[in-house]
Amino acid sequence: MTDNKQHVMKQHVMGIVGRSGSGKTTLLSDLIPILIELGHTVSTIKHTHHGFDVDKPGKDSYRHRAAGAQEVLLTSAKRWALLHEVQDEKEPDMQDLIARMSPVDVMLIEGFKKHDFPKIEVYRPSLGMAALGRTHQSVIAVATDEVENANVLDLKLQILDLGDVKSIAKFIVQYLQTNRR
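Per the working numbering, the sequence shown starts with residue 29, numbered consecutively.
See below:
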């Protein structure tokens, strides 16, 4: 097994998925400080379907990329960021992305609902959409604001109260400790 694959297998990955507007980013942002408070290191990966740019036209790093550099590393005393231009390549798979990250206790991934890793679905029946947990086998639990809703109880998954983020954090830690990948 290569070092990359060993590195990926050491990561404890939990996905946060759900329909647009369900509160995925809010839950993930609320989970991070609680997991840290519980003594865990945390990193995140966020998928977007939209083109994005963290660089600004006119800045030196933007000019490097515009000139054709495949990667540009921005660095300062406070942080660094590696910008990689995908160009004509296909989007990297999850293992390749995780392999680029430093090892942590909990790797939270927002999106990537079709990828094979355990996920918590943020589900709000009031949005009028079907739960992803009905068709995505990698969904292991549902965090919802309507824990007594018949559509939620019918899922036959672990039901988590979206209003109790500390309990969701503890569920993630317990799950990752008992189901090491």
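Glycine is no exception: its CB is placed at the ideal position from the N, C-alpha and C atoms.
Note on geometry: alpha-carbon atoms of G156 and K194 lie some 27 angstroms from one another. Nearest to E99 by C-alpha distance, out of K106, L110, R91 and A105, is L110. A residue is called buried when at least 16 other Cβ atoms come within 10 angstroms of its Cβ; T172 meets this threshold and is buried.
The residue from G51, I187 and L136 with its alpha-carbon nearest to that of M122 is L136. The C-alpha of Q186 lies about 20 angstroms from the C-alpha of F140. Using a 10 angstroms sphere on the CB of E149, the tally of other CB atoms reaches 16 or more, which defines it as buried. Cβ-Cβ distances below 7 angstroms link L204 to H40, M42 and V134 in the same chain, with the five nearest sequence neighbours on each side left out; the list follows chain order.
Nearest in C-alpha terms to I126, of all of K52, S48, I62 and K74, is K74.
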